[in-house]
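**Student:** Here it is, the structure in full.
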Amino acid sequence: MTVGAAVWAAIGAAWLAWLVVTRVVRPLPGIESVVRAFLGSWLGRIIALAAWAEAGWHLFGQRP
Amino acid sequence: MPEERRPLPRPVPRRPVLSRWFWPLPRLFADLVMAGFVAWEGLQDRYSTASHVSILAVILATVLLAIAAGRGRQRRRSRTWLRHARSAVREQLVRRRARTAAAAGALGWVLVISATAAWDGFSFAMQRHSLPTLSRLFGEVTDHDWGRALLFAAWLALGLYLAVGWRRGRQQPRTDGRSPGQPAGMPPPLPHPTPLPHPTPRRNGDDVG
Chain A
-11 MTVGAAVWAA IGAAWLAWLV VTRVVRPLPG IESVVRAFLG SWLGRIIALA
39 AWAEAGWHLF GQRP
Chain B
286 MPEERRPLPR PVPRRPVLSR WFWPLPRLFA DLVMAGFVAW EGLQDRYSTA
336 SHVSILAVIL ATVLLAIAAG RGRQRRRSRT WLRHARSAVR EQLVRRRART
386 AAAAGALGWV LVISATAAWD GFSFAMQRHS LPTLSRLFGE VTDHDWGRAL
436 LFAAWLALGL YLAVGWRRGR QQPRTDGRSP GQPAGMPPPL PHPTPLPHPT
486 PRRNGDDVG
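Here it is as structure tokens:
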């Protein structure tokens, strides 16, 4: 396993652990709260949609 | 023995026969079209014109949907949202006043997202085979037809939620107190006054208490 793969595995594990923790410990804001924080106004929604569009174009239309 | 009076059951509105039989069909048809589109997209090459046109069409349609579904239905004005975000960062991170669960949760998200972005940027800057970027990892998945189709379905679902999700109802007031159609700077209208109960006439000798 390369260094990069090991670090990505650690980051992935951190994501998974944090998702579980925020799901179990209710006062902590979950991933849906993070997304909804952006969807509260036009500006936040435009930022989220722009990031989504860029990610999709990069992932499905360019060389990733 | 007097028979106990029961309230009559409310008549259930029945759909017309044709509508009752065929009402799931439009939904089913839409689901089938979406599934076919996802499967078709999975078969496309990322360099092909068809792939580029379809991705751009999805982005354009999602933006138009967001505009059509969101007119006058945002929970806050952009200025208020920005002000709240600024003050939250200042209060919770800079001054460290609010040590609440929300602050701890926000800090956790900032750490996880920052670590991802920082390591991705570092890997991109190094340009080494042993340091793959995030998009290269995703590229390993999208090299397969099924992987591309699954990721495309997830991307489509997320875009749909970002376009139409988390809006307030038409009658629901904004959280910053401004209702739709109300000009900026004007106070919100007063709530509709509740009608007082009709006074019952007192008879002579009633105990006023």
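Top line first, the protein sequences correspond to chains A and B. Taking the working numbering as reference, the numbering of the first sequence is continuous, increasing by one, and the terminal residue is 52. Taking the working numbering as reference, the numbering of the second sequence is continuous, increasing by one, and the terminal residue is 494. Where a beta carbon is used, it is the ideal one built from N, C-alpha and C, also for glycine.
For B:S333, name the three-state secondary structure that DSSP assigns.
**Tutor:** Here the question's residue 333 of chain B lines up with position 48 in the second sequence. DSSP places B:S333 in coil when its eight states are reduced to three.
**Student:** Kindly give me the distance between the Cβ atoms of B:I340 and A:G44, rounded to whole angstroms, as I take these residues to be in contact under 8 Å.
**Tutor:** The residue given as residue 340 of chain B occupies position 55 in the second sequence. The residue given as residue 44 of chain A occupies position 56 in the first sequence. Right, the Cβ-Cβ distance comes to about 6 Å (below 8 Å), so this counts as a contact.
**Student:** How about A:L37 and B:L447: do their beta carbons lie closer than 8 Å?
**Tutor:** As a working mapping, residue 37 of chain A is identified with position 49 in the first sequence. As a working mapping, residue 447 of chain B is identified with position 162 in the second sequence. Yes, these two residues count as a Cβ contact at 8 Å.
**Student:** Between the alpha carbons of B:A258 and B:G390, how many angstroms are there, rounded?
**Tutor:** Chain B is shown from 286 up to 494; residue 258 of chain B falls before or after that span and cannot be answered.
**Student:** Mind checking if A:T22 is an interface residue toward chain B, Cβ cutoff 8 Å exclusive?
**Tutor:** As a first step, residue 22 of chain A is located in the first sequence; it is residue number 34 there, counting from the start. In the sequence as displayed, the identity of residue 22 of chain A is Val instead of Thr. Interface residue, yes.
**Student:** Return helix, strand or coil for A:L27, following the three-state DSSP convention.
**Tutor:** Taking the first sequence and counting its residues from 1, the one referred to as residue 27 of chain A is at position 39. Coil, per DSSP.
**Student:** Could you tell me the boundaries of the alpha helix (DSSP H) in which A:M(-11) lies?
**Tutor:** Residue numbering aside, residue -11 of chain A sits at position 1 when the first sequence is read from its first letter. Careful: A:M(-11) lies outside any alpha helix (DSSP H) and carries neither H nor E.
**Student:** Would you identify the three-state DSSP class for B:S464, choosing helix, strand or coil?
**Tutor:** Reading the second sequence from its first residue, position 179 is the one you call residue 464 of chain B. Unreliable positioning characterises B:S464 in this predicted model, as indicated by a pLDDT of 49, which lies under 50. A coordinate reading is not provided.
**Student:** Counting only C-beta atoms, is B:F500 closer than 8 Å to chain A at any point?
**Tutor:** This structure cannot settle anything about residue 500 of chain B, because the visible part of chain B is limited to 286 through 494.
**Student:** Anything in the segment 408 to 422 of chain B with a Cβ closer than 9 Å to a Cβ of chain A? List those residues in chain order, please.
**Tutor:** S408, M411, R413, H414, S415, L416, P417, T418, L419, S420, R421 and L422
**Student:** Contact check, A:G18 vs A:T10 under 8 Å by CB: the rounded distance?
**Tutor:** Your numbering for residue 18 of chain A matches position 30 in the first sequence. Your numbering for residue 10 of chain A matches position 22 in the first sequence. About 4 Å separates the CB atoms of A:G18 and A:T10; that is less than 8 Å, so the two are in contact.
**Student:** Does the separation of the CB atoms of B:R361 and A:G28 fall below 8 Å?
**Tutor:** One-based indexing of the second sequence puts residue 361 of chain B at position 76. One-based indexing of the first sequence puts residue 28 of chain A at position 40. Contact flag set, yes.
**Student:** Could you spell out where the alpha helix (DSSP H) holding A:L16 opens and where it closes?
**Tutor:** Taking the first residue of the first sequence as position 1, residue 16 of chain A is located at position 28. Taken as a continuous stretch (DSSP letters only), A:L16 belongs to no alpha helix (DSSP H), as it is neither H nor E.
**Student:** Candidates B:A387, B:S420 and B:G321: which alpha carbon is nearest B:W431's?
**Tutor:** Position 146 of the second sequence, counted from the start, is the residue given in the question as residue 431 of chain B. Measuring from the Cα of B:W431, the nearest candidate turns out to be B:G321.
**Student:** Using the beta-carbon count (16 or more within 10 Å), is B:R368 buried or exposed?
**Tutor:** Here the question's residue 368 of chain B lines up with position 83 in the second sequence. Exposed: under 16 other Cβ atoms inside 10 Å.
**Student:** Which same chain residues end up closer than 8 Å to B:V348 when comparing Cβ atoms and leaving out the 5 residues on each side of it in sequence?
**Tutor:** Translated into the one-based positions of the second sequence, residue 348 of chain B becomes position 63. The residues are A448.
**Student:** What do you get for B:F314, buried or exposed, if any count of 16 or more other CB atoms within 10 angstroms of its CB means buried?
**Tutor:** Walking along the second sequence from the start, residue 314 of chain B turns up at place 29. By the neighbour-count rule (16 or more Cβ atoms within 10 Å), B:F314 is not buried but exposed.
**Student:** Along chain A, in chain order, which residues have C-beta atoms closer than 7 Å to that of B:R362?
**Tutor:** Residue numbering aside, residue 362 of chain B sits at position 77 when the second sequence is read from its first letter. Within 7 Å Cβ-Cβ: S29.
**Student:** Taking 8 Å as the CB-CB limit, is A:A41 close to chain B?
**Tutor:** Along the first sequence, read from residue 1 onward, the residue named residue 41 of chain A stands at position 53. Judged by the 8 Å Cβ criterion, A:A41 is in contact with chain B.
**Student:** Is B:D428 helix, strand or coil when you go by DSSP?
**Tutor:** Counted from its first residue, the second sequence places residue 428 of chain B at position 143. Looking at B:D428 - three-state DSSP - the assignment turns out to be coil, as it is neither helix nor strand.
**Student:** Compare the C-beta of B:L367 with all C-beta atoms of chain A and state if any pair is closer than 8 Å.
**Tutor:** As a working mapping, residue 367 of chain B is identified with position 82 in the second sequence. B:L367 counts as touching chain A.
**Student:** Would you kindly work out how many angstroms separate the C-alpha atoms of A:V12 and B:V318, rounded to a whole number?
**Tutor:** Along the first sequence, one-based indexing puts residue 12 of chain A at 24. Along the second sequence, one-based indexing puts residue 318 of chain B at 33. Approximately 37 Å, taken between the alpha carbons.
**Student:** List, in order along the chain, the chain A residues whose C-beta lies closer than 9 Å to that of B:S372?
**Tutor:** As a position in the second sequence, residue 372 of chain B is number 87, starting the count at 1. Chain A residues near B:S372: none, gap ~14 Å exceeds 9 Å.
**Student:** Would A:L47 and B:T427 be called neighbours here (beta carbons separated by less than 8 Å)?
**Tutor:** Position 59 of the first sequence holds residue 47 of chain A. Position 142 of the second sequence holds residue 427 of chain B. A contact, by the Cβ cut-off of 8 Å.
**Student:** Could you say which of A:M(-11), A:T(-10) and A:W(-4) lies nearest to B:W404 if we only look at CA atoms?
**Tutor:** For this step, residue 404 of chain B is matched to residue 119 along the second sequence. Nearest Cα to B:W404 within the set A:M(-11), A:T(-10) and A:W(-4): A:W(-4).
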